[in-house]
Amino acid sequence: MADTAKWYVIHTYSGYENKVKTNIEKTVENRGMQDMIQEIRIPMEEVVEVKEKEDGTQERKAVSRKVLPGYVIVKMVMNDMTWFIVRNTRGVTSFVGPGSKPVPLTEEEVYELGIEKHVTEVNFAVGDSVKVASGPLDGFIGVVEEINEEKQKVRICVSMFGQDTPVELDFYQVETLD
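Following this line, the structure appears as C-alpha cells:
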C-alpha cells in the first residue's frame, strides 16, 4: 500500500471523460477523501483549425482538443478504497496496466504529458559547456545556444562526425560540467 499520491491513467468510454471527472470529484467531496484522490485531469492541447469559407477565404480558430481521447489521469494514493471508488465510477472501464493492476506514470511520462510543470533550476547560461545526461546523445558535450524557460528546453550545439549540430533538449536532460 503506497502512502504517496501518484498519477494513474484510467480508461473511459469515449466522450465520457468530463462526466467521469465530475463524478469522481463529487464522490471525493462527499466522502471527504481529498487527501487520497487529489487531482483529476483531462489532458488538453490548443490547436488552430483552419476552415475554408464559401467566399474562398480562410478562417483560423483556436480550439481545445483532448490529447488522449477516452482517458482521464488521476493523482491518487492507491489502496483498495480509492481503487474501488475510481473503478466503480460510471463511464470508467479500467485502469491502464496489466490485468487489474494499475501502473503509475513515470516522472518522464508526467512531464511529457504536461500534467505537472516542474520548475527546473537552470544553472547554465548561453555560451556555457554542458553534458547531455540522458537520451540518445547521453555523454555528449555541447555549448548552450539558447534557453527557453517557458518550454523548459535548451538548444545546444554538439559536435557529431566533425560537424556542429544543434540539438533541442529538455532541461532535465542537460547538466553542467564540473
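If you count the sequence shown from 1, position 136 lands on 136 in the UniProt record's numbering, and the numbers rise without skipping.
Just so it is clear, CB atoms sit at the ideal spot from N, CA and C, and this is done for glycine as well.
Can you list, in chain order, the residues of its chain whose CB lies under 6 Å from that of residue i, leaving out five sequence neighbours each side?
{"i": "Arg60", "result": "Val48, Val50"}
{"i": "Thr27", "result": "Ile85"}
{"i": "Leu113", "result": "Pro43"}
{"i": "Lys131", "result": "Ile141, Glu175, Leu177"}
{"i": "Arg6", "result": "Here residue 6 turns out to be Lys, not Arg, going by the sequence shown. Correct list, in chain order: Pro104."}
Can the beta-carbon of residue i be found less than 7 Å from the beta-carbon of residue j?
{"i": "Cys157", "j": "Gly139", "result": "no"}
{"i": "Gly91", "j": "Tyr16", "result": "yes"}
{"i": "Lys75", "j": "Glu39", "result": "yes"}
{"i": "Phe95", "j": "Pro104", "result": "no"}
{"i": "Val77", "j": "Val20", "result": "no"}
{"i": "Thr89", "j": "Ile37", "result": "no"}
{"i": "His11", "j": "Thr93", "result": "yes"}
{"i": "Arg41", "j": "Ile115", "result": "yes"}
Since residue i sits in a beta bridge, which residues does DSSP pair it with?
{"i": "Glu112", "result": "Looking at the DSSP assignment, Glu112 forms no beta bridge with any residue, so it has no partner."}
{"i": "Leu177", "result": "Answer is none; Leu177 lacks a bridge partner."}
{"i": "Glu168", "result": "Arg155"}
Spatial neighbours of residue i within its chain, please: C-beta separation below 7 Å, excluding the five flanking residues on both sides.
{"i": "Pro69", "result": "Ser14"}
{"i": "Pro166", "result": "Glu145, Arg155, Cys157"}
{"i": "Glu46", "result": "Ala62, Ser64"}
{"i": "Glu168", "result": "Lys153, Arg155"}
{"i": "Asn123", "result": "Thr176"}
{"i": "Gly97", "result": "Val103"}
Keeping to the same chain, check which residues put their C-beta closer than 8 Å to that of residue i; ignore five residues upstream and five downstream.
{"i": "Ala133", "result": "Tyr172, Gln173, Val174, Glu175"}
{"i": "Lys53", "result": "Glu59"}
{"i": "Gly135", "result": "Leu169, Gln173"}
{"i": "Phe161", "result": "none"}
{"i": "Gly127", "result": "Val143, Val144"}
Three or more C-beta pairs closer than 8 Å, one from the stretch 30-37 and one from the stretch 78-90: is that the case here? Verdict: yes, contact present.
Runs of 3 residues minimum, wholly inside the UniProt domain "KOW" (123-150): which ones carry the beta strand (DSSP E) assignment? For the UniProt domain "KOW" (123-150), whole beta strand (DSSP E) runs of length 3 or above, ordered along the chain, are 129-132, 141-148.
Enumerated in chain order, which unbroken segments of the beta strand (DSSP E) with a length of 3 residues or greater are wholly contained in the UniProt domain "NusG-like N-terminal" (4-117)? For the UniProt domain "NusG-like N-terminal" (4-117), whole beta strand (DSSP E) runs of length 3 or above, ordered along the chain, are 6-12, 37-41, 44-52, 58-66, 71-76, 92-95.
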